[in-house]
Amino acid sequence: MPPVFRFAPSPNGYLHLGHAYSALLNFDLARQAGGRLLLRIEDIDATRCRPEFEEAIYEDLAWLGIAWETPVRRQSEHFAAYRAAIDGLSEQGLIYPSFESRAEIARLVAGKEAAGPWPRDPDGAPLYPGTARSLHTDARDRLIGQGAPFALRLDMAAAIARAGEFCWHEHGEGPAGATGEVAARPEDWGDVILARKETPTSYHLSVVIDDALQGVTDVVRGVDLFRSTSVHRLLQQLLGLSPPAYRHHPLIRDDAGRKLSKSTRATGLRELRAEGASPVDIRRLVGLP
Numbered sequence: 001m002p003p004v005f006r007f008a009p010s011p012n013g014y015l016h017l018g019h020a021y022s023a024l025l026n027f028d029l030a031r032q033a034g035g036r037l038l039l040r041i042e043d044i045d046a047t048r049c050r051p052e053f054e055e056a057i058y059e060d061l062a063w064l065g066i067a068w069e070t071p072v073r074r075q076s077e078h079f080a081a082y083r084a085a086i087d088g089l090s091e092q093g094l095i096y097p098s099f100e101s102r103a104e105i106a107r108l109v110a111g112k113e114a115a116g117p118w119p120r121d122p123d124g125a126p127l128y129p130g131t132a133r134s135l136h137t138d139a140r141d142r143l144i145g146q147g148a149p150f151a152l153r154l155d156m157a158a159a160i161a162r163a164g165e166f167c168w169h170e171h172g173e174g175p176a177g178a179t180g181e182v183a184a185r186p187e188d189w190g191d192v193i194l195a196r197k198e199t200p201t202s203y204h205l206s207v208v209i210d211d212a213l214q215g216v217t218d219v220v221r222g223v224d225l226f227r228s229t230s231v232h233r234l235l236q237q238l239l240g241l242s243p244p245a246y247r248h249h250p251l252i253r254d255d256a257g258r259k260l261s262k263s264t265r266a267t268g269l270r271e272l273r274a275e276g277a278s279p280v281d282i283r284r285l286v287g288l289p
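Sequential numbering of the sequence shown, starting at 1, is according to my numbering.
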């Protein structure tokens, strides 16, 4: 079977040079391997994703000369698949609801930090310190019945105990030069959120389900997602999904060394095209032949 690659942007802004690099790299690798390239629209965030941004993605990619298979998978059309995965994890006793607001969690963290350093995840956010994991079932049901907002979290300790040790195969290069067989460390992320009351999925869950359902064999994405792979591999273990191979590539950064943002107009594809840049110019700017 030919390898399957994918490019999976979110339509919450216009594409920039960093997106161009990742899309072109996936396209080039798929061609070189005689494989397939899929386009996936990751639009689970209904408050930020907009139709005009999605249309701009198609326009920008076509202008770059990238061809992809159709139909395009849009995550907002597949919530049922994510709910089924949540149900499966819940049946294993690995999911619990937490009811604290962000402000309440911040206060809990501040209380913990008053007694000493509190652990943070690889992105720098404090690990969830709440007590919702130990709430009695009756209390949980009462809060849910009252319409309280909640997040569904993975009981990380229980999940790791069930999954055991595992790794992934890294074809790129992660932090500190990590490559080859990389041991997963999902515990670094604490009890991650997998869904919310109003949205039955999260990035971590939906990306794992989509890659499996679409038969993706090679995940090529930015090194900023390297450490998230530990969570993705854990979910694959728990849900009985075959893992793809991973290749994390360097990020395109601005003159100050910062990761590009969709609000960075100087590196936006639409702005560069309006200034007369060609697809060949874009390849040169991102360092691709």
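Using N, Cα and C, we set each Cβ at its ideal position, and we do this for glycine too.
Nothing here was measured: the structure is a model prediction, and the numbers come from that model.
Using the three-state DSSP reduction, which class does V286 fall into: helix, strand or coil?
helix
Rank D141, P11 and G172 by C-alpha distance to the C-alpha of P250 and give the top, closest one.
G172
If you count every other CB in all the chains shown that lies within 10 Å of the CB of M156, and 16 or more means buried, which is it?
buried
Which of the three DSSP states, helix, strand or coil, is assigned to V192?
coil
Residue range of the unbroken beta strand (DSSP E) whose run includes A70:
The identity of residue 70 in the sequence shown is Thr, whereas the question assumes Ala. Counting along the chain, the beta strand (DSSP E) containing T70 begins and ends at E69 to R74.
My guess is that I95 and L194 are in contact by the Cβ rule of under 8 Å, so how many angstroms apart are they, rounded?
7 Å
Would P301 and D43 be called neighbours here (beta carbons separated by less than 8 Å)?
Because the chain here runs from 1 to 289, residue 301 falls outside it and cannot be looked at.
Can you tell which of D224, S242, T199 and L260 has the C-alpha that lies nearest to the C-alpha of D45?
T199
Pairwise C-alpha distance: R273 and G222
23 Å
Give the secondary structure of W63 by DSSP, where H, G and I count as helix, E and B as strand, and everything else as coil.
helix
Tell whether a beta-carbon distance below 8 Å holds between P279 and W63.
yes
Given that a residue counts as buried once 16 or more other Cβ atoms are within 10 Å of its Cβ, and exposed if not, what is R142?
exposed
For the alpha helix (DSSP H) that A80 lies in, which residues bound it at each end?
F79 to E91
For C167, I'd like the list of residues in its chain whose CB is within less than 8 Å of its CB, leaving aside the five on either flank, ordered along the chain.
E181, V182, A183, A184 and R233
Going by the DSSP bridge assignment, what does L152 pair with across the sheet?
P97 and A195
Alpha-carbon to alpha-carbon, D255 and L25
22 Å
One question on the structure: do D218 and V4 come within less than 8 Å of each other, judged by their Cβ atoms?
yes
3-residue-minimum beta strand (DSSP E) runs that sit fully inside the stretch 227-284, ordered along the chain:
245-249
Are L269 and L15 closer than 8 Å when you measure CB to CB?
yes
Might you give, ordered along the chain, the residues of its own chain that have their beta carbon closer than 6 Å to the beta carbon of Y21, omitting 5 neighbours on each side?
I252 and V286
Helix, strand or coil: how does DSSP classify F27 here?
helix
Quick one, are the C-beta atoms of L108 and A163 less than 8 Å apart?
no
What I want to know is whether the C-beta of F5 ends up closer than 7 Å to one or more non-hydrogen atoms of the ligand FMN.
Annotation note on the ligand FMN: not contained in the displayed structure, which lists no ligands.
Using a 10 Å radius around the Cβ and a threshold of 16 neighbouring Cβ atoms, would you call L260 buried or exposed?
buried
Alpha helix (DSSP H) segment containing R50, residue limits
Where R50 is concerned, there is no enclosing alpha helix (DSSP H), given that its DSSP letter is neither H nor E.
Assigned exposure category for G18 - 16 Cβ within 10 Å defines buried:
buried
Under 8 Å by Cβ, that's how I've got P97 and A56 pegged, so tell me the actual separation to the nearest angstrom.
Not confirmed; about 37 Å, so no contact.
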